[in-house]
Amino acid sequence: MNEPLFQPLSGNTMPRFGGIATMMRLPHVDTTVGLDACFVGVPFDLGTSNRNGARLGPRQIRTESVLLRPYNMATRAAPFDSLQVADIGDVAVNPFNIVKAIEDIALAYDEIIATGCRPISLGGDHTIALPILRAMHHRYGKVGVVHVDAHADVNDTMYGEKIAHGTPFRRAVEEGLLDCDRVVQIGLRGTGYHADDFDWCRQQGFRVVQAEECWHKSLAPLMEEVRERVGGGPVYLSFDIDGLDPAFAPGTGTPEIGGLTVPQGLEIIRGLRGLDIVGADLVEVSPPYDPAGTTALLAANLAFEMLCVLPGVAYRT
Ligand code: MN
Ligand code: MN
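End of the sequence shown sits at 1613 in my numbering; the numbers just go up one at a time, nothing left out.
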C-alpha cells in the first residue's frame, strides 16, 4: 500500500454533530483515481410516480451517516483497513430534463468506474439504475443483478413514458445489459395490474422471490441459493429501500405493506460476501416522508454493509 488509507473522522476527534457531513465523515475527493470504492450521490427524482423527494436522499443519508463507526461488529469487516474509500460528492444531474439526466448519469459513471473503482450510490429514485447499468455494461459486459424491491420495476411504460422509476430493469433487459439467468429479485409484493407484472421477470430467466416467500424466516438459506445463482461473473446490487417494510422505512415514495425486516435486509447484503460486486445502489429514500430520519439512518447503515462485502475487504478480529 503506497499511500495511507483514508479513514472516517472519529467521534473522538471531532464531535459527530460537527464537521462536514460527507458519507461516513470520509474525505471528499474529486476523482476516483486511486480509489477502490467510493460513495456517490445521485440527487434525482424526476422518475417518481407517487410521492417525490428522493432528490434529497443523498444529503440526508450523509447526515445520518455521521453516527457510523468504521468496524462491523457483526461480520468483523474492517473495510478501511484494506480499501481506499472516499466520498466523491454528487453527480450533477439535470433537474428539468429526464432524458438528459440519465445521459448525465451514464457519462459520470463511465468515468467513475473507468479506474476499477466500485461505486456505492446514494439515490435518488430507481430510474438511476438504468444509466448506472449502462455504464457497468460498457466496462464489464453483461452483469448479474441482485435487486431488492417491493416492485419489479419492469413496466414497459409509465404514463406512456419509457424512462421512469418503474421501468429500469425492463430497459436493461431490452438493451442486453443483464445476464438474465444471474438476476434475482427479492421482496416483490403488493397490488398490481396483472400476474404478468412479476411473471414477465420469470419469463426472462430471473429468480423472483416474492415477499411472502421471505416471511417469518431467516434469509440466510435463500442467500446460499442466490450466491450460487449469481456467482461466476460481475454482480451489481440494486437496493430499493421500499423492499423493506414501511414500518422500518416509511420515508419512501411508493410504500407497500408486508415487506422485509431490517435483519432480513442485513442478511441479504451480508449474504453477498464473496461475489464480485462491481457496484451497488441504495435508492428511493425520500426525506420529506422521513420525519425522524429513521429511513435515512437505515439507508446509511445498509450502504456501509454494502461496502463491507466488496472484494478485498479486510476482516479483523
Ligand atoms: Mn424500485
Ligand atoms: Mn420500489
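Cβ coordinates follow ideal geometry from the N, Cα and C atoms, glycine included.
- Unbroken alpha helix (DSSP H) run spanning H1434, endpoints: A1425 to Y1436
- Task: Please go through the stretch 1353-1439 and give each complete alpha helix (DSSP H) segment of 4 or more residues, from N-terminal end onward.
- Result: 1353-1360, 1375-1378, 1394-1409 and 1425-1436
- Task: Tell me, please, whether the stretch 1507-1514 touches the stretch 1456-1465 by the rule of three or more beta-carbon pairs shorter than 8 angstroms.
- Result: no
- Message: In the DSSP output, which residue or residues are listed as bridge partners for M1310?
- Response: According to DSSP, M1310 bridges with nothing at all.
- Task: Report the option in R1498, F1302 and D1538 whose CA atom is closest to the CA atom of L1331.
- Result: F1302
- Item | For V1439 and D1475, believed in contact at Cβ under 8 angstroms, the rounded distance | 6 angstroms
- Query: Does the stretch 1390-1406 come within contact of the stretch 1354-1366, defined as at least 3 CB pairs closer than 8 angstroms?
  - Reply: no
- Item | Quiz: which residues have CB nearer than 5 angstroms to ligand 2 non-hydrogen atoms | D1445, A1446, H1447, D1536 and D1538
- Query: What separation, rounded to the nearest whole angstrom, lies between the Cα atoms of Q1506 and N1308?
  - Reply: 44 angstroms
- Message: So for R1478, helix, strand or coil by DSSP?
- Response: strand
- Item | Start-to-end residues for the beta strand (DSSP E) that takes in C1334 | A1333 to V1338
- DSSP on M1297, reduced to helix/strand/coil? Below a pLDDT of 50, predicted positions are generally treated as unreliable, and M1297, at 49, falls in that range; no measurement from the model is reported.
- Can the beta-carbon of I1409 be found closer than 8 angstroms to that of R1435? yes
- Return yes when the Cβ of G1549 is within less than 8 angstroms of the Cβ of G1349, no when it is not. yes
- Message: Please tell me whether G1555 and R1485 are closer than 8 angstroms, where the distance is taken between their beta carbons.
- Response: yes
- Message: Does A1402 pass the burial test, meaning 16 or more other C-beta atoms within 10 Å, or should it be called exposed?
- Response: buried
- Which of helix, strand or coil DSSP assigns to Q1303: coil
- Item | Same chain only: Cβ atoms within 8 angstroms of Y1611, ignoring 5 sequence neighbours per side | T1371, R1372, A1373 and A1374
- Between the stretch 1320-1334 and the stretch 1556-1570, do three or more beta carbon pairs fall short of 8 angstroms? no
- Message: Looking at the secondary structure, which residues open and close the beta strand (DSSP E) in which D1492 lies?
- Response: Run containing D1492: none in the beta strand (DSSP E); it sits in the alpha helix (DSSP H), D1492 to Q1500.
- Message: Can you tell me whether P1517 is helix, strand or coil according to DSSP?
- Response: helix
- If V1416 and M1602 are in contact, beta carbons under 8 angstroms, what's the gap, nearest whole angstrom? What sits at residue 1416 in the sequence shown is Ile, not Val. The Cβ separation is near 5 angstroms, so the contact holds.
- Check whether the Cβ atoms of L1598 and F1544 sit closer than 8 angstroms, and answer yes or no. no
- Task: Tell me whether D1449 counts as near ligand 1, meaning its Cβ is closer than 7 angstroms to at least one heavy atom of that ligand.
- Result: yes
- Report all residues from its chain with a CB closer than 6 angstroms to the CB of F1465; omit the five preceding and five following residues, and keep chain order. D1449 and V1450
- P1542 and L1352 look like a contact to me (Cβ under 8 angstroms); what is the Cβ gap, rounded to whole Å? Wrong, their Cβ atoms sit about 18 angstroms apart, outside the cutoff.
- Contact check, R1347 vs S1582 under 8 angstroms by CB: the rounded distance? 6 angstroms
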